[in-house]
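Q:
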Amino acid sequence: MSSSSATPKFRVAICGTGIGGLVLAITIDKFAECGVKIDLYEARDAIITAGAGISLGLHSNEIMEELGMHEEISRVSTKPSLSHGLSKRLFTNPG
Numbered sequence: 000m001s002s003s004s005a006t007p008k009f010r011v012a013i014c015g016t017g018i019g020g021l022v023l024a025i026t027i028d029k030f031a032e033c034g035v036k037i038d039l040y041e042a043r044d045a046i047i048t049a050g051a052g053i054s055l056g057l058h059s060n061e062i063m064e065e066l067g068m069h070e071e072i073s074r075v076s077t078k079p080s081l082s083h084g085l086s087k088r089l090f091t092n093p094g
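The opening residue of the sequence shown carries number 0 in numbering that gives the first Met the number 0; numbering runs sequentially from there.
(1) Roughly how many whole angstroms lie between the Cα atoms of residue 20 and residue 39?
(2) Taking the alpha-carbon positions, what's the residue 10 to residue 25 distance?
(3) Helix or strand or just coil, what does DSSP make of residue 46?
(4) So which of 48, 52, 51 and 73 has the shortest CA-CA distance to residue 60?
(5) Just to confirm, is the Cβ distance from residue 27 to residue 37 under 8 Å?
(6) Let's see if you can read the secondary structure: which residues bound the alpha helix (DSSP H) around residue 29?
(7) Going by C-alpha distance, which of 33, 13, 18 and 70 is nearest residue 51?
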């Protein structure tokens, strides 16, 4: 990911290209000094859709914005409807 053509100061190996590994690679590339070589390793032969979802809270969204990822993530994500996964509690007056 690093664009420096000179010999890197050091190399970083990231094992796993899930959300954690990819965010780590983007963060290092964006904020580290020039000359950091990033190697990503993944056990799978291909990137596939796992069929699982994740929820991002307010702080996570702020971090994604800082990293320049928020627009792309928003473009490919969906927002759950109020009825999806949430239940409404009904309270009765015991008196």
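C-beta atoms are modelled at their ideal positions from N, C-alpha and C, and glycine is treated no differently.
A: Straight from the coordinates:
(1) In the sequence shown, residue 20 corresponds to position 21, counting from 1. In the sequence shown, residue 39 corresponds to position 40, counting from 1. Cα to Cα, the separation comes out at about 8 Å.
(2) To locate residue 10, count along the sequence shown from 1; it is residue 11. To locate residue 25, count along the sequence shown from 1; it is residue 26. The straight-line gap from Cα to Cα measures roughly 14 Å.
(3) Taking the first residue of the sequence shown as 1, we reach residue 46 at position 47. Three-state DSSP puts residue 46 in coil, outside helix and strand.
(4) Translated into positions along the sequence shown, residue 60 becomes position 61. Selected option, being the one with the closest Cα: 73.
(5) Counted from its first residue, the sequence shown places residue 27 at position 28. Counted from its first residue, the sequence shown places residue 37 at position 38. Going by C-beta atoms, residue 27 is nearer than 8 Å to residue 37.
(6) In the sequence shown, residue 29 corresponds to position 30, counting from 1. Element bounds for residue 29: 18 to 30.
(7) Taking the first residue of the sequence shown as 1, we reach residue 51 at position 52. That would be 18, whose Cα lies nearest to the Cα of residue 51.
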